[in-house]
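**Q**
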Ligand code: PNS
């Protein structure tokens, strides 16, 4: 009997992807048969990076992970995306207690809506202070964020904000 593919979704804004994201997504890919990195966005809200650029930065940064693909979804509930993709779990990284407090109601709401489970992975402490918004702010004013984001993102931020 053929066994069912166990597929997980790693959702986020990824504006842009950081090394904290890369670590969590790559670890999720060791736990599931397939991982879909889902860039969820609201077309009315302009992020820093265009959706196409966020996708290509994710693809380049996660090129070493074979059982993974990257997709964008506009104006959708995460649970509907998961249902359409045939995913049985959502995977999120937690940097600490503040992330847990933010994520827990969403995990419970998603479970309430369709029964989907959320799996939390503890973030690597090397990236505890790393968020997309913080690395952008530091890079915008000329600070050094090498080692905190993939090289492709460093280059993209230099293009966006200047050297
Ligand atoms: O990287 P972020 O910004 O923390 O990601 C948040 C995201 C996109 C995962 C969250 O806002 C989300 O799930 N948005 C989709 C809309 C939705 O389902 N909202 C209800 C959540 S209970």
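Numbering (our numbering), first residue to last: 8 to 170. A virtual CB, placed ideally from N, CA and C, is assigned to each residue, including glycine.
1. Rounded to the nearest angstrom, what separates residue 120 and residue 86 at their Cα positions?
2. Which complete beta strand (DSSP E) runs does the segment 52-93 hold, if anything under 3 residues is left out?
3. Going by CA-CA distance only, name the one from 126, 80 and 81 that's closest to residue 100.
4. Leaving aside the five residues before and after residue 36 along the sequence, list all residues of the same chain whose C-beta is less than 6 Å from its C-beta, in chain order.
5. Three or more beta-carbon pairs under 8 Å between the segment 92-99 and the segment 12-26, yes or no?
6. CA-CA distance, residue 66 and residue 49?
7. Just to confirm the assignment, what range does the alpha helix (DSSP H) spanning residue 110 have?
8. Assign residue 139 to one of two classes, buried (16 or more other C-beta atoms within 10 Å of its C-beta) or exposed (fewer than that).
**A** Straight from the coordinates:
1. Here residue 120 corresponds to residue number 113 of the chain shown, with the count starting at 1. Here residue 86 corresponds to residue number 79 of the chain shown, with the count starting at 1. Residue 120 and residue 86: Cα-Cα distance of roughly 7 Å.
2. The beta strand (DSSP E) runs of length 3 or more contained entirely in the segment 52-93 are, from start to end of the chain, 75-81.
3. Taking the first residue of the chain shown as position 1, residue 100 is located at position 93. Scanning 126, 80 and 81 for the CA closest to the CA of residue 100 turns up 126.
4. Sequence index remark: in the chain shown, residue 36 carries index 29 (1-based). The answer, listed in chain order, is 42, 72, 74 and 75.
5. For the pair of segments examined, the segment 92-99 was found to touch the segment 12-26: the number of CB pairs separated by less than 8 Å reaches three.
6. Reading the chain shown from its first residue, position 59 is the one you call residue 66. Reading the chain shown from its first residue, position 42 is the one you call residue 49. Residue 66 and residue 49: Cα-Cα distance of roughly 21 Å.
7. If you number the chain shown from 1, residue 110 lands on position 103. For residue 110, the uninterrupted alpha helix (DSSP H) segment begins and ends at 104-121.
8. Translated into positions along the chain shown, residue 139 becomes position 132. Under the 10 Å beta carbon count, residue 139 is surrounded by 16 or more other beta carbons and is classified as buried.
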